[in-house]
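Beneath this line is the structure, given in structure tokens, with notes to follow.
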Amino acid sequence: MKKRWITLITLLSLLLLLALPALARDLPLVYDGAGLLTEEEVSELNEVAEYLSNDYSCEIAIVVVPDTEGYYVEDYAEAVYRQYHYGYGEDQSGVMLLLSMEERDYDLIAYGYGNTAFTDYGKEWIMDSVLPYLGQNDWYGGFEEFLYRCGYCLEEARTNKPVDDYSGNYAPSGPVTPGLVIVGVIIGLIVTLIVQGSMKKKMNSAVLATQAGSYQERELQLTGQSDRFVRKDVTRVRRSDDDSRSGGGSGRGTSVHSSGFSHSSGKF
Amino acid sequence: MAGQITNYQCPSCTGPLRFDATTGKLTCDYCGTVYDLKEIEALYAEKDEQAAQAAVAAAQSEPAPEGSPWSEAEAAGLKVYNCPSCGAELIYDATTAATSCPYCGNPTIVPGSLSGALRPDWVIPFKLTKEEAVSLLKTHYRKKPLLPKLFSRQNHLEEIKGIYAPFWLFNGDTQGEATFDATKVRHWTEGKYDVTETSHYDAWRSGRLSFDRIPVDSSTKMPDEHMDAIEPYDYNELKPFSTAYLPGFMADKYDVDAATAEERARKRAEASTVAALRDSVEGYASVTEKESQVSYHRTGLHYALLPVWLLLTKWNGSDYLFAVNGQTGKLVGNLPIDKGRKWAWFFGVWLGVAAVIIGLGALINML
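Protein chains in written order, with the working numbering: chain A, 9 to 276; chain U, 6 to 372.
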């Protein structure tokens with residue numbers, strides 16, 4: 009009986025020991041898991057990332073993985089961020105760009121103060137500039153640009169206000185969103201045109217007949233048929249986020265999920 | 006000339022007989038006697054023949070004198086006759102087969118225009134009375150929000166005519182083939198993305214169809230739109246033709262030959278064949294015609310007189326013509342549209358629907 013207790017305690021201790029490395033960030037801020045960069049390049053990028061992270065108290069990370077092991081890139085990025093304890097300080101503030109090479113998916117996530125400094129618009133502004141480099145497999149150029157833009161966003165957030173769309177061409181987020189108004193107006197117009205069409209049809213009922221279906225003697229006698237596959241079209245449309253918004257002052261702000269992360273993802 | 010006219014007279018009082026749409030019998034409005042069609046047909050069969058022969062003989066022996074005041078009218082296809090009841094001298098055009106004297110209302114039939122090769126195979130007798138047709142028109146004005154408010158009050162019935170309109174009835178077979186672009190659609194979500202996969206197929210179909218008695222009106226006097234729109238007639242009530250159905254109504258003989266009219270029947274049969282081929286492409290999200298080829302050939306031709314009430318109304322200086330199927334009561338015609346009401350409805354419905362959708366959406370967002 010005593011022996012069994014000892015075995016159990018040893019096993020639990022082993023499990024705790026195994027779990028310990030995950031409690032501290034044991035990956036560098038710039039982690040190249042797909043061999044895209046030379047050691048020198050990784051080291052240079054890490055230096056810049058460390059400097060910016062410490063200066064603004066918000067970690068900037070770049071993680072490259074061969075694939076997402078079958079998970080959605082958003083879920084995978086959140087898991088990496090949590091598992092390896094990225095983020096600065098107690099509130100784990102940070103921003104992380106994750107690239108999955110097999111699917112060529114990217115996800116830019118922010119957490120804590122990162123959600124304030126990196127608005128939805130800010131994330132798009134960063135990726136608009138980074139994606140052309142990644143599209144041409146200029147990894148170093150892309151990551152350099154990423155760090156530069158992240159630094160700019162953090163500086164703006166500290167000294168002025170977060171990079172955001174302050175054009176005012178949108179309604180403040182509330183129950184009546186611009187999308188809802190557009191949908192209401194468009195569906196209203198379609199319904200109106202159908203109703204008016206039916207009203208006009210009632211007014212002008214004298215029209216030439218185009219078919220003779222009522223004089224068909226029997227059902228169609230099919231004498232031949234074939235169905236040949238021609239092609240397949242696939243379209244992917246990003247789903248609209250309906251999560252609550254926070255931060256961003258009078259700008260569009262940041263869509264923060266219930267997990268505490270905000271995302272901007274796509275293909276590169 | 007008077008010999009050309011058949012005037013069904015009551016054997017009891019010699020008053021003019023009229024076909025009664027309600028009873029389907031011939032009625033004398035003067036003494037009230039009602040006769041079966043067969044009874045009067047038998048009585049007048051001999052008389053009609055004699056009258057027609059006399060007319061031919063008269064035409065041959067008495068050519069129209071030079072400088073006759075009617076020669077111009079006759080050259081234009083018009084004919085002259087004297088009403089056998091009141092003696093008034095009247096003109097009618099070459100396609101008229103049955104009409105009434107505008108002075109005394111005496112119903113008359115012009116023999117020769119519906120006999121021999123011109124004799125219709127069938128007739129569908131009127132079932133709807135003039136009063137019922139007028140009442141249908143009044144009902145037609147109801148529940149028309151775009152109709153000018155004053156139209157139903159101010160317009161007045163200029164003319165109402167019960168006409169046996171000539172129709173060609175075409176039997177035909179079609180054989181066709183068509184290729185359609187058919188699609189199957191699958192939706193699913195991948196992370197933050199809605200993915201839509203559309204698979205396109207070339208669906209080819211070939212088949213045969215038969216059509217039974219597609220009607221095409223064969224009188225240029227009757228508007229094609231109105232005649233098409235009052236279809237269909239119930240062919241179960243087709244009767245072998247007899248002039249005894251005509252007294253009290255007008256009747257025209259055809260002035261569009263079968264070959265010309267057939268073009269319209271052919272187009273309708275071909276369109277229906279393509280539609281049937283399209284309907285046979287099942288199990289797809291959408292089916293769009295890419296190309297089609299249909300051949301049609303006639304398998305039968307009939308000539309029939311079908312009952313139509315034509316009602317002409319006038320409002321604000323414009324004519325509005327309505328046609329009522331004299332058998333089924335289906336009414337068609339074009340009504341004026343009030344522009345103010347049209348736009349009021351347009352914006353009213355638009356704003357209303359948009360407000361409801363936005364309101365519901367906002368409510369859902371708040372929950």
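Built from N, CA and C at the ideal position, the CB exists for glycine as well.
Going straight from the alpha carbon of residue i to that of residue j, what length do you get?
| i | j | result |
| --- | --- | --- |
| G338 (chain U) | L306 (chain U) | 29 Å |
| C109 (chain U) | S90 (chain U) | 8 Å |
| N241 (chain U) | L133 (chain U) | 17 Å |
| A102 (chain U) | L282 (chain U) | 42 Å |
| Y238 (chain U) | L311 (chain U) | 8 Å |
| K143 (chain U) | F156 (chain U) | 11 Å |
| Q14 (chain U) | D34 (chain U) | 11 Å |
| S215 (chain U) | V189 (chain A) | 52 Å |
| D136 (chain A) | R210 (chain U) | 50 Å |
| V313 (chain U) | S300 (chain U) | 32 Å |
| P228 (chain U) | E164 (chain U) | 16 Å |
| L326 (chain U) | S17 (chain U) | 39 Å |
| I134 (chain A) | Y148 (chain A) | 15 Å |
| S252 (chain A) | F269 (chain A) | Residue confidence is low: S252 (chain A) scores 39 on pLDDT, short of 50, so the model does not pin down where it sits. Its coordinate-derived value is still stated next. Cα to Cα, the separation comes out at about 12 Å. |
| L162 (chain A) | A187 (chain U) | 53 Å |
| R346 (chain U) | H231 (chain U) | 26 Å |
| A4 (chain U) | T333 (chain U) | Past the boundaries of the shown model lies residue 4 (chain U); chain U is included only from 6 to 372, so the question cannot be answered. |
| L228 (chain A) | N87 (chain U) | 55 Å |
Residue i CB to nearest chain U CB: under 8 Å?
| i | result |
| --- | --- |
| V215 (chain A) | yes |
| T262 (chain A) | no |
| G78 (chain A) | no |
| R244 (chain A) | yes |
| M169 (chain A) | Going by the sequence as given, residue 169 (chain A) is Lys instead of Met. Not one chain U Cβ lies under 8 Å of K169 (chain A). |
| V56 (chain A) | no |
| R157 (chain A) | no |
| V73 (chain A) | no |
| F269 (chain A) | no |
Which first and last residues belong to the beta strand (DSSP E) in which residue i is found?
| i | result |
| --- | --- |
| N330 (chain U) | 323-330 |
| N176 (chain U) | 161-195 |
| K295 (chain U) | 291-320 |
| E202 (chain U) | 198-222 |
| A360 (chain U) | Per DSSP, A360 (chain U) belongs to no beta strand (DSSP E); it is in the alpha helix (DSSP H), 344-371. |
So is residue i in contact with chain A if we call contact Cβ pairs under 8 Å?
| i | result |
| --- | --- |
| L340 (chain U) | yes |
| S285 (chain U) | yes |
| H231 (chain U) | yes |
| I363 (chain U) | yes |
| S277 (chain U) | yes |
| G334 (chain U) | no |
| D199 (chain U) | yes |
| A69 (chain U) | Caution applies to A69 (chain U), whose pLDDT of 44 falls short of 50 and renders its modelled position unreliable; the value that the coordinates give is listed next. No, A69 (chain U) lies away from the interface with chain A (no Cβ there is under 8 Å from its Cβ). |
| F216 (chain U) | yes |
| N111 (chain U) | no |
| R273 (chain U) | yes |
| A183 (chain U) | no |
| L282 (chain U) | yes |
| A367 (chain U) | yes |
| I168 (chain U) | no |
| M371 (chain U) | yes |
Since residue i is in the alpha helix (DSSP H), which residue starts that stretch and which ends it?
| i | result |
| --- | --- |
| H265 (chain A) | Element bounds for H265 (chain A): n/a, residue is neither H nor E. |
| R269 (chain U) | 263-284 |
| A234 (chain U) | 229-234 |
| G122 (chain A) | 122-125 |
| L31 (chain U) | Not the alpha helix (DSSP H): L31 (chain U) falls in the beta strand (DSSP E), residues 30-33. |
| R239 (chain A) | It is not in any alpha helix (DSSP H) - R239 (chain A) instead sits in the beta strand (DSSP E) that spans 229-246. |
| S61 (chain A) | 47-64 |
| S105 (chain U) | Unbroken run through S105 (chain U) is the beta strand (DSSP E), 101-105; no alpha helix (DSSP H). |
On the premise that residue j lies in contact with residue i, defined as a C-beta separation below 8 Å, what is that separation, rounded to the nearest angstrom?
| i | j | result |
| --- | --- | --- |
| A85 (chain A) | D115 (chain A) | 4 Å |
| G122 (chain A) | G102 (chain A) | 5 Å |
| I129 (chain U) | L243 (chain U) | 6 Å |
| L174 (chain U) | I219 (chain U) | 7 Å |
| H192 (chain U) | D199 (chain U) | 7 Å |
For a cutoff of 8 Å on Cβ pairs, would you count residue i as touching chain C?
| i | result |
| --- | --- |
| V337 (chain U) | Absence of chain C from the displayed structure is noted, the protein chains being A and U. |
Q) Listed from N- to C-terminal order along the chain, which residues in the region 203-214 of chain U have their beta-carbon within a distance smaller than 9 Å of any beta-carbon of chain A? A) Identification of residues in the region 203-214 of chain U having a C-beta nearer than 9 Å to some C-beta of chain A yields T203, S204, H205, Y206, D207, A208, W209, R210, S211, G212, R213, L214, given in sequence order.
Q | Residues of the region 347-361 of chain U with Cβ closer than 9 Å to any Cβ of chain A, in chain order | A | Residues K347, W350, F351, F352, G353, V354, W355, L356, G357, V358, A359, A360, V361.
Q: Could you list the residues in the region 114-139 of chain A with a C-beta less than 7 Å from some C-beta on chain U, going in chain order?
A: For the region 114-139 of chain A, the beta-carbon criterion of a distance under 7 Å to any beta-carbon of chain U is satisfied by none of its residues.
Q) Taking a cut of 8 Å between CB atoms, which residues from the region 232-243 of chain U lie near chain A? A) So the close ones are D233, A234, E236, P237.
Q) Quick one, which residues of the region 83-108 of chain A are near chain U if we go by CB-CB under 8 Å, in chain order? A) The region 83-108 of chain A vs chain U, Cβ under 8 Å: D83.
**Q.** Short-range partners of chain U found in the region 199-225 of chain A, where Cβ spacing is below 8 Å
**A.** For the region 199-225 of chain A, which is checked against every Cβ of chain U, the residues closer than 8 Å are V199, T200, V203, Q204, M207, K208, K210, M211, N212, S213, A214, V215, L216, A217, T218, Q219, A220, G221, S222, Y223, Q224, E225.
Q. Listed from N- to C-terminal order along the chain, which residues in the region 298-313 of chain U have their beta-carbon within a distance smaller than 8 Å of any beta-carbon of chain A?
A. Close to chain A, meaning a Cβ-Cβ distance shorter than 8 Å, is no residue of the region 298-313 of chain U at all.
Q | Interface positions of the region 131-150 of chain U facing chain A (Cβ-Cβ less than 7 Å), listed along the chain | A | Residues passing the 7 Å Cβ filter: K149, P150.
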